Amino acid sequence: MRLNLKNVRGDRGVNNDLILSYNTHQAAFAKSEQATFLKIEDAISKTDEKGKMPLWRGYDQIADYAQSTGPTSKRKISQVRTGRGICQFYAWLAAQKKPETILEFGAAFGASGMYWLAGLTIAGKGHLVSFEPNELWCSIARENFEMVSDQFILTAGTFEENLPLVAPKATITLIDAIHTKSVVLAQFEFVKQVSESGALVIFDDLGFSEDMWDCWQEVCASPDISCAWQIGNRVGIVELA
Numbered sequence: 033m034r035l036n037l038k039n040v041r042g043d044r045g046v047n048n049d050l051i052l053s054y055n056t057h058q059a060a061f062a063k064s065e066q067a068t069f070l071k072i073e074d075a076i077s078k079t080d081e082k083g084k085m086p087l088w089r090g091y092d093q094i095a096d097y098a099q100s101t102g103p104t105s106k107r108k109i110s111q112v113r114t115g116r117g118i119c120q121f122y123a124w125l126a127a128q129k130k131p132e133t134i135l136e137f138g139a140a141f142g143a144s145g146m147y148w149l150a151g152l153t154i155a156g157k158g159h160l161v162s163f164e165p166n167e168l169w170c171s172i173a174r175e176n177f178e179m180v181s182d183q184f185i186l187t188a189g190t191f192e193e194n195l196p197l198v199a200p201k202a203t204i205t206l207i208d209a210i211h212t213k214s215v216v217l218a219q220f221e222f223v224k225q226v227s228e229s230g231a232l233v234i235f236d237d238l239g240f241s242e243d244m245w246d247c248w249q250e251v252c253a254s255p256d257i258s259c260a261w262q263i264g265n266r267v268g269i270v271e272l273a
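Numbering (this note's numbering), first residue to last: 33 to 273.
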């Protein structure tokens with residue numbers, strides 16, 4: 033599945049040519065990893081059959097969230113996962129970059145994480161450091177991760193409370209947790225502390241709300257980045273200077 037992938041700031045980053053080449057390699061990569069991707073999607077389907085599960089209680093502390101997060105609110109994996117096409121891009125990116133550390137928060141039910149692990153398996157090195165504060169969701173993510181690889185550290189807690197676990201420094205980070213400008217910008221500052229120069233930071237669900245879109249515009253204008261890309265209006269990627 034080709035992606036609507038474009039550069040939105042800068043063209044001199046070390047990752048620019050690599051990222052923009054994805055659509056050229058996409059079909060061959062998807063074919064070569066078809067068995068693995070089918071296995072992952074089967075795990076996602078089985079997880080979806082478990083139905084909706086309660087959200088993390090910490091959402092109660094987030095004011096003016098764009099979606100209902102009350103005590104009776106529940107979600108299932110098909111409602112929160114990133115689409116298959118973007119997930120395959122994540123696997124390809126991990127395979128190409130061969131990172132020592134990929135940082136992910138939140139893991140949710142493990143859909144994106146399984147694809148990151150597929151990429152690390154191809155790379156033959158590195159590990160995924162992932163966080164999910166919802167203990168029920170985290171236990172399901174762990175089962176899904178284990179089906180793909182053991183190259184991960186999954187913590188039932190928040191990223192902010194567990195910074196020392198991010199070692200070596202991250203080459204790729206996926207921020208996909210609480211979709212508000214104030215939270216994401218604060219997390220971005222923490223990510224800078226645990227990332228290497230030239231690292232990629234990915235922001236999911238840009239279209240979640242006007243607040244999240246404003247957040248992305250502020251990230252793109254940051255003096256701490258050298259390049260920025262978008263996948264449609266869903267995902268933003270920046271390269272740290």
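All residues carry an ideal CB built from backbone N, CA and C; glycine is no exception. Keep in mind that this is a model prediction, so the values were computed, not measured.
Quick check on residue i: does DSSP put it in helix, strand or coil?
{"i": "E81", "result": "coil"}
{"i": "D243", "result": "helix"}
{"i": "Q183", "result": "coil"}
{"i": "E132", "result": "coil"}
{"i": "R41", "result": "strand"}
{"i": "S254", "result": "coil"}
{"i": "R116", "result": "helix"}
{"i": "R174", "result": "helix"}
{"i": "V216", "result": "helix"}
{"i": "E221", "result": "helix"}
{"i": "K157", "result": "coil"}
{"i": "N36", "result": "coil"}
{"i": "E193", "result": "helix"}
{"i": "E65", "result": "coil"}
{"i": "N47", "result": "coil"}
When the Cα atoms are used, what is the spatial distance from residue i to residue j?
{"i": "S64", "j": "A127", "result": "12 angstroms"}
{"i": "T203", "j": "N47", "result": "11 angstroms"}
{"i": "L168", "j": "D49", "result": "40 angstroms"}
{"i": "A188", "j": "I269", "result": "26 angstroms"}
{"i": "A253", "j": "F240", "result": "20 angstroms"}
{"i": "F61", "j": "G42", "result": "27 angstroms"}
{"i": "Y54", "j": "R116", "result": "15 angstroms"}
{"i": "I51", "j": "D236", "result": "16 angstroms"}
{"i": "M85", "j": "E175", "result": "16 angstroms"}
{"i": "I234", "j": "E178", "result": "24 angstroms"}
{"i": "L35", "j": "F121", "result": "9 angstroms"}
Run through the DSSP bridge pairs and tell me what residue i is partnered with.
{"i": "N55", "result": "Answer is none; N55 lacks a bridge partner."}
{"i": "P86", "result": "K106"}
{"i": "F137", "result": "F163 and I207"}
{"i": "Q111", "result": "None; Q111 has no bridge partner."}
{"i": "C259", "result": "E271"}
{"i": "D236", "result": "V267"}
{"i": "A202", "result": "S227"}
For residue i, count neighbouring C-beta atoms within 10 Å of its own C-beta (all shown protein chains included) and say buried if the count is 16 or more, exposed if not.
{"i": "G156", "result": "exposed"}
{"i": "A59", "result": "exposed"}
{"i": "S214", "result": "exposed"}
{"i": "S227", "result": "buried"}
{"i": "Q262", "result": "buried"}
{"i": "D208", "result": "buried"}
{"i": "H211", "result": "buried"}
{"i": "E242", "result": "exposed"}
{"i": "G138", "result": "buried"}
{"i": "Q219", "result": "buried"}
{"i": "R113", "result": "buried"}
{"i": "E250", "result": "exposed"}
So, using beta-carbon positions, are residue i and residue j closer together than 7 angstroms?
{"i": "L217", "j": "V161", "result": "no"}
{"i": "W248", "j": "L238", "result": "yes"}
{"i": "S110", "j": "D80", "result": "yes"}
{"i": "W88", "j": "N194", "result": "no"}
{"i": "V223", "j": "I118", "result": "no"}
{"i": "G158", "j": "L149", "result": "no"}
{"i": "F141", "j": "I172", "result": "yes"}
{"i": "A273", "j": "D246", "result": "no"}
{"i": "G145", "j": "K108", "result": "no"}
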